[in-house]
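Residue numbers (the numbering used here): 3 to 76. Only one structure is covered here, and it is reproduced in the block below.
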């Protein structure tokens, strides 16, 4: 299994990682969406933070979260 840093370094540097943070209360719903639609495109950094290698995947994830009414944190 790859480490978190190995995952990010495959196609991007840590400075170019694309991060999404959801509210803790919506973390389970967000995780279900991530596992269902974005398998292999992200890694979790905690229970409510998702780190994507590609910006377009992050943008698609955010759109799906917004459709589901999941609250994002800044």
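Here a beta-carbon is modelled for each residue, glycine too, at the ideal position from N, C-alpha and C. Please read all numbers here as calculations on a predicted model, not as lab measurements.
Task: Whole alpha helix (DSSP H) elements within the segment 11 to 52, 4-residue minimum - done: 29 to 39
Task: Outcome for residue 60 when other beta-carbon atoms lying within 10 angstroms are tallied against a minimum of 16 - done: buried
Task: Span of the alpha helix (DSSP H) around residue 55 - done: Unbroken run through residue 55: none, as it is neither H nor E.
Task: Alpha carbon of residue 57 to alpha carbon of residue 26, nearest angstrom - done: 23 Å
Open item on the list: For residue 29 and residue 8, I'd like the C-alpha separation in whole angstroms.
Closed with: 24 Å
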